[in-house]
Structures are given as C-alpha cells and as structure tokens.
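Novice: Mind looking over this structure? Questions follow.
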Amino acid sequence: MIFPTPLQVPASRRIHPDMLGEMLYRWFVRKRALALWDRLSDQRIDEIPIANDVHFVYLGDHPLATELHGADEMRRWLRNVFFRRLPGLRFEVEEMLIEGGPWSTRIATRYAARRDGKLVYRGVQFTRTAWGKLVEERVLPDAKALSAALD
Numbered sequence: 001m002i003f004p005t006p007l008q009v010p011a012s013r014r015i016h017p018d019m020l021g022e023m024l025y026r027w028f029v030r031k032r033a034l035a036l037w038d039r040l041s042d043q044r045i046d047e048i049p050i051a052n053d054v055h056f057v058y059l060g061d062h063p064l065a066t067e068l069h070g071a072d073e074m075r076r077w078l079r080n081v082f083f084r085r086l087p088g089l090r091f092e093v094e095e096m097l098i099e100g101g102p103w104s105t106r107i108a109t110r111y112a113a114r115r116d117g118k119l120v121y122r123g124v125q126f127t128r129t130a131w132g133k134l135v136e137e138r139v140l141p142d143a144k145a146l147s148a149a150l151d
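In UniProt numbering, the protein residues as written are 1 to 151.
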C-alpha cells in the first residue's frame with residue numbers, strides 16, 4: 001500500500017484538525033509576507049496594505065531612525081528618505097516566525113538587505129497585521145552596518 005490509512009500512521013505523527021488550520025494559515029501568511037517583501041524591494045510601496053493608523057518605528061542610532069504614525073507618513077518616509085538614501089536595496093528573508101489569527105497576526109522576520117548582490121546590512125522586523133493590513137512595525141537594523149552604508 002502506497003498511502004497508509006489513518007490507523008497505520010503513529011499517533012505521534014498525526015495532525016489534529018485544529019493544527020492543520022493553523023498550519024495552513026501560517027503558510028498563507030508566509031507566502032503573502034514574502035510577496036510584500038518583494039514589493040518593498042521593487043519600491044511598489046502603494047501596493048503594500050497598510051492600516052491608516054499604522055505605528056512604524058525604525059530603531060537605532062543612525063540618520064534613518066524614526067517613529068511614525070499613519071500610512072501616508074510611512075509611505076512618504078519609505079519613498080523620500082529610506083529609498084533615496086539607500087537606492088537599489090533588495091531584501092532577502094532569512095527566517096520568519098508567524099503567530100496568531102487573522103484579527104492579530106504577529107510576524108518576526110530576520111532579513112538581509114543587499115545592493116547588487118552585496119550585503120549592506122542585516123536586521124529583524126516585528127510586525128502585527130490585522131485582517132491583512134499592517135498595523136504595527138518595528139525594525140531593528142544592524143546600526144553599525146547601516147551607518148557605514150549611509151556614509
């Protein structure tokens with residue numbers, strides 16, 4: 001027999017139906033989040049679903065550090081400050097952890113920022129989304145590497 005019947009699968013390897021739903025949701029969120037990182041890399045900022053009352057913090061002791069409130073303010077900062085200071089930057093997700101349901105999904109991402117294939121800096125990002133829109137984001141870049149890239 002190629003496929004075992006449920007009784008032939010050891011209990012330790014069986015997936016509870018509730019867990020299956022959570023696994024599928026995390027898979028969907030990961031796929032969507034990776035697509036959003038690609039949009040950010042392509043500077044398609046208007047295609048990123050951001051809540052009107054988003055709270056955005058870019059931490060560190062460097063010229064890009066900021067704390068913003070509102071989708072328009074965040075998009076303006078990304079266009080006029082971040083990508084102007086760091087043109088051609090692309091993001092590569094190294095690890096992503098996802099927790100919660102669609103009403104409050106928390107995502108922790110470790111990423112590398114590259115330009116022309118060369119590492120510029122690494123960072124971690126903590127976000128919370130609600131119903132598919134970004135409502136909170138805290139970014140902790142490697143401040144030393146980022147400052148060097150800005151000089």
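All C-beta atoms, glycine included, are put in the ideal place defined by N, C-alpha and C. These numbers come from a predicted model, not from an experiment.
Assess, as a yes-or-no matter, whether the region 98 to 112 is touched by the region 128 to 136 under the definition of 3 or more beta carbon pairs within less than 8 Å.
Specialist: yes
Novice: Using CA atoms only, rank isn't needed, just tell me which of Glu136, Ala143, Leu146 and Asp142 is closest to Met52.
Specialist: A small fix is needed here, since residue 52 is Asn in this sequence, not Met. Taking only the C-alpha atoms, the option nearest Asn52 is Glu136.
Novice: Is Val57 close to the ligand COA? I mean its beta-carbon at under 6 Å from any heavy atom of the ligand.
Specialist: The ligand COA is absent from the structure shown, which contains no ligands of any kind.
Novice: Taking just the CA atoms, how far does Val57 sit from Arg76?
Specialist: 14 Å
Novice: On the criterion of 16 or more Cβ atoms from any shown chain inside 10 Å, does Leu78 qualify as buried, or is it exposed?
Specialist: That one is buried.
Novice: Using a Cβ-Cβ cut-off of 6 Å (strictly less than) and excluding sequence neighbours within five positions of Met1, which residues of its own chain qualify?
Specialist: Residue confidence for Met1 is low, a pLDDT of 49 falling below 50, so the modelled location carries little weight; the figure read from the coordinates is stated next. When the five nearest sequence neighbours on each side are left out, no beta carbon in the same chain lies closer than 6 Å to the beta carbon of Met1.
Novice: Which partner residues of Val124 appear in the DSSP bridge assignment?
Specialist: Arg110 and Leu140
Novice: From Leu59 to Arg115, what does the alpha carbon distance come to, in whole angstroms?
Specialist: 21 Å
Novice: Tell me which residue opens and which closes the beta strand (DSSP E) that Asp46 is part of.
Specialist: Asp46 -> no beta strand (DSSP E), and no H or E assigned at all.
Novice: Considering Cα atoms alone, identify which of Arg90, Trp27 and Val54 is closest to Met96.
Specialist: Trp27
Novice: Round the Cβ separation of Val93 and Leu34 to the nearest angstrom and send it over; I've been treating them as touching at under 8 Å.
Specialist: 6 Å
Novice: Out of Arg106, Tyr121 and Ile107, state which residue places its alpha-carbon closest to the alpha-carbon of Ala113.
Specialist: Tyr121
Novice: In this structure, how does DSSP classify Leu59 when only helix, strand and coil are distinguished?
Specialist: coil
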